[in-house]
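A.B. asks: Structure below; questions to follow.
Residue numbers (the working numbering), protein chains in the order written: chain A, 1 to 509; chain B, 1 to 509.
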């Protein structure tokens, strides 16, 4: 709470933009809370069952099992599910018409999860959910899953997708149950669209939206993906960065060579790759040195800039939690994510540690992801990177080079990129944007953190650019959920407040 | 042969240093050749049996089986073996006194092999030897092992240690058999010392030599490790580089972080490591940029420099074989290996390829090996590297850093180094050096390639510096043996000529 007060104190301009003073939850949200308090074991139980289904995007059989389970969960709420087929993972769709409602909100989330590195999960397998009394990092110990009663909100449920993105799906469904139990109706028609290959880059989302434009049409899309603000305040994001991933392979000798006999004669691809990567970013400022990398960035409106300034700043606390002495670049984290980024997510060459052997490696590979902001196209950004690599003296190829190509080019790199997708942004100044801010703040009784851009990527450009519907994100899970890494987890207190905030979005004035 | 003629033409100075004109093998060597031609299946069979014993240095049980097998092989030649125990891998020792011989030559080789990455071996497991009609790279196909008869000298035997270092051991034993069959005696007393953890850095060699100084005393040590010159000429090396390995770990956040939410805010250890490695070597000249890296190097005598100049230069051919457009640095390969080197042998951070996930890695690791020349101490070279890393703004620690250390230092690296060992060099101008050159060249009837330094590392400083015995190397295996990498192999023709050249060293005048 301290943060919220600081925040109000520190920006008078922001204060003027606030809706009516906030005095506590609405009666509807109070009813939702009472329902949840009486049904915590049931809600967690449904999530645990769902998390037991492996859901890595490239295992289509497993994904289909998830889709069937999810369809059953909708059907049990009286929503007739439809599987929208794509040739890949099916989309699970459902809708509820509300008598007298004039507007429609489509809720989007994804039910697939990131790949798993089983060995780095502590104490259990990623699809065997485990409850702990606090986070692993805080020394959390295993807790048996209670069959009934209240759960400590600080308990954490560990499993792949516990946070990203199965928790929001369960929160939406629990919200429907809570409204029904209280005899309340949403104020808008509801549509639900759950995706099965978001972590694979949403290869079919544009196609599905195009094919089912009428079915999916809405006045607002609410995406429930992503982590909420570390402050614990309700969080709304009006944009998200796009992404494109790039793999760079630098070639050395055709096979690993003895480092003694050939060690300062045969070119070393690991070192060449290091030199290439080092050329891409300024070590002091953290700025990307690729020419034109920031060109075309769309700026923020005054309102958006003020909202960003008003957003809580707990960078110091987060640095501490992550064991970091200082950030890579100067500036507030939430401001920095309004810029495109270049991230080295993986390096491989030769062998290290117990497996190390004294060789000049044959290859060195770096995997990068480039985050994009509004105004920067994925292909354009990759082209800038390729031009930079060429500028460093490398011949750049797309395919595995043949012997002749190797013999012709002293510096040779293969660059392969994903299709990627662009950023999206919905203006905070639209009437529907103001309406959702009001609904969330008035119902929850709390000031929301309102971000022009989320740091992560969700392919919501499809809704804004293809379906042409304003789109915002309402993420609910804890920021320290180890999303995409080992030991992904959900803090239960975030699930509880998430139910409330997503219901609030169903109560648009 | 063309190379040999070129070589004589191009250096009159060198010609004057040659022994008497060379007109062909000595009668003794002719007898050895006849014996071998009649016993090829037997010789290869003994090697195949030996290669079937896994011999990675850290598997002590397996190593001990190798030692027992080797002891049996000596015993079958009438040499009573002794296992010199070390607490680690045992040394296998044997000797043969020759009536009237005044000098003693100790032959050294190692019976352990490098670790194996089974998945990168093509078509068989590394300890399941396979014969091919030529090299894999040349499209070699599998050949059944003949039970008798002549073998094509271009055939290759694939297995871990086929070249490094079991082939020379078999060559020495076959040489003894050949001399015995011809009723010939060596001109010197023979001692044999076979090591079992050379690939682990010979942690016990100094201790064994110290404990058994009298037993091991000799007038000359001949080491049979390493690849022979690509020209196919007999090769003598009078020194070898030392080595020390270094592991550098650069720290990022305590755990992998989502690259979208934290991607241009949390420092990226993979990029920091790349920047650090890039700072260590000039991309154009290939020179190491660590301060004082070349300081203390002992120079070459005129004779040594001339021998180096006279050595065949097939760099162009080797570049082609390895698919390289040009070397890292300008200069002849055999000259460059008279300098210390810095080699990045492995990189690991995050995940790549199908396993890639969109995270900021928690760690980035580089494994390096530093090759040393005479006059440069392993610890001193590591200290220079550590000073360089500090100079790049890193706090350098030896242990896994605690949270407080992480929070205090924006750039933090852990550096762990092996003990390593120094280079050795025996002057080519010693009488015993001249005698061995004469014995090899006159008996084989061929000009030898004489190298002041071998590029690879063998811990022979123990013989020159601890035992104080002049030491030279007579490597026999093909240079393209994939030593230390997957698909290690021995060209049989090199085993045949190796038997002859090692017997020549037993026939010192």
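For each residue, glycine too, the CB sits at the ideal point set by N, CA and C.
(1) Just to check my reading of the structure: residue 457 of chain A and residue 260 of chain B have Cβ atoms closer than 8 Å, yes? What is that Cβ distance to the nearest angstrom?
(2) When you compare the CB positions of residue 246 of chain A and residue 370 of chain A, do they come within less than 8 Å of one another, or not?
(3) List the residues of chain A whose Cβ lies closer than 9 Å to the Cβ of residue 351 of chain B, in chain order.
(4) Name the residue from B/123, B/95 and B/250 whose alpha carbon lies nearest to the alpha carbon of residue 389 of chain B.
(5) Shorter than 7 Å, the distance from the beta carbon of residue 128 of chain B to the closest heavy atom of the ligand NAD, or not?
(6) Using the beta-carbon of each residue, which ones in chain A are nearer than 9 Å to residue 469 of chain B?
(7) Taking only beta-carbon atoms, is residue 359 of chain A less than 8 Å away from chain B?
(8) So the beta strand (DSSP E) residue 369 of chain B belongs to, where does it begin and stop?
(9) May I have the straight-line CA-CA distance separating residue 298 of chain A from residue 435 of chain A, to the nearest angstrom?
(10) Taking all protein chains shown into account, do 16 or more other C-beta atoms lie within 10 angstroms of the C-beta of residue 178 of chain A, making it buried, or fewer, making it exposed?
(11) Between which residues of its own chain and residue 24 of chain B is the CB-CB distance below 6 Å, once the five residues before and five after are set aside?
(12) Our contact map puts residue 527 of chain A next to residue 168 of chain A with C-beta atoms below 8 Å; I'd like the distance itself, whole angstroms only.
(13) Can you confirm whether residue 257 of chain A, when its beta carbon is compared against all beta carbons of chain B, has any partner nearer than 8 Å?
(14) Report the rounded CA-to-CA distance for residue 378 of chain A versus residue 200 of chain A, giving the unit in angstroms.
(15) Just curious, the beta strand (DSSP E) that residue 403 of chain B is in, first and last residue?
(16) So residue 304 of chain A packs on residue 126 of chain A, CB below 8 Å; how close in whole Å?
(17) Could you tell me the distance, in whole angstroms, from the CA atom of residue 193 of chain B to the CA atom of residue 223 of chain B?
(18) List the residues of chain B whose Cβ lies closer than 7 Å to the Cβ of residue 275 of chain A, in chain order.
(19) Residue 166 of chain A: buried (16+ other C-beta within 10 angstroms of its C-beta) or exposed?
(20) Could you give the distance in angstroms between the alpha-carbon of residue 493 of chain B and the alpha-carbon of residue 34 of chain B?
(21) Starting from residue 50 of chain B, trace the alpha helix (DSSP H) both ways and give me its first and last residue.
(22) Enumerate in chain order the residues of its own chain whose CB-to-CB distance from residue 148 of chain B is below 6 Å, with the five nearest sequence positions on each side excluded.
(23) Taking CB distances under 8 Å as the criterion, tell me whether residue 489 of chain A reaches chain B.
(24) Select from B/109, B/253 and B/348 the residue whose C-alpha is nearest the C-alpha of residue 472 of chain B.
(25) Per DSSP, which one or two residues make a beta bridge with residue 247 of chain B?
(26) Can you tell me whether DSSP reads residue 319 of chain A as helix, strand or coil?
(27) Suppose you measure from the CA of residue 424 of chain A to the CA of residue 236 of chain A; what does that come to, to the nearest Å?
(28) Is it true that the CB of residue 428 of chain A sits closer than 8 Å to the CB of residue 238 of chain A?
(29) Alpha carbon to alpha carbon, how far is residue 28 of chain B from residue 184 of chain B?
(30) Can you say whether residue 455 of chain A is buried or exposed, counting buried as having 16 or more other CB atoms within 10 angstroms of its CB?
(31) Tell me the rounded alpha-carbon separation between residue 277 of chain A and residue 248 of chain A.
(32) Could you give the C-beta distance for residue 182 of chain B and residue 31 of chain B, rounded to a whole number, given that I count them as a contact under 8 Å?
(33) Can you find a C-beta in chain A that's less than 8 Å from the C-beta of residue 443 of chain B?
(34) In the structure shown, what three-state DSSP assignment does residue 96 of chain B receive?
(35) Would a check of beta-carbon distances place residue 237 of chain A closer than 8 Å to chain B?
(36) So with CB distances below 7 Å, who are the chain A contacts of residue 195 of chain B?
C.D. replies: This is what the structure holds:
(1) 5 Å
(2) yes
(3) 115, 117, 345, 346, 348 and 367
(4) B/250
(5) Ligands are entirely absent from the displayed structure, and the ligand NAD is therefore not among its contents.
(6) Those do not exist, as residue 469 of chain B stays about 23 Å from chain A at its closest Cβ, beyond 9 Å.
(7) yes
(8) 363-372
(9) 24 Å
(10) buried
(11) 445
(12) Past the edges of chain A, shown from 1 to 509, lies residue 527 of chain A, and the structure says nothing about it.
(13) yes
(14) 16 Å
(15) It is not in any beta strand (DSSP E) - residue 403 of chain B instead sits in the alpha helix (DSSP H) that spans 403-408.
(16) With a Cβ gap of about 37 Å, residue 304 of chain A and residue 126 of chain A do not count as contacting.
(17) 10 Å
(18) 278 and 283
(19) buried
(20) 14 Å
(21) 40-51
(22) 41
(23) no
(24) B/109
(25) B/367 and B/416
(26) helix
(27) 14 Å
(28) yes
(29) 7 Å
(30) buried
(31) 10 Å
(32) 4 Å
(33) no
(34) strand
(35) no
(36) Correct list: empty, because the minimum Cβ distance to chain A is about 17 Å.
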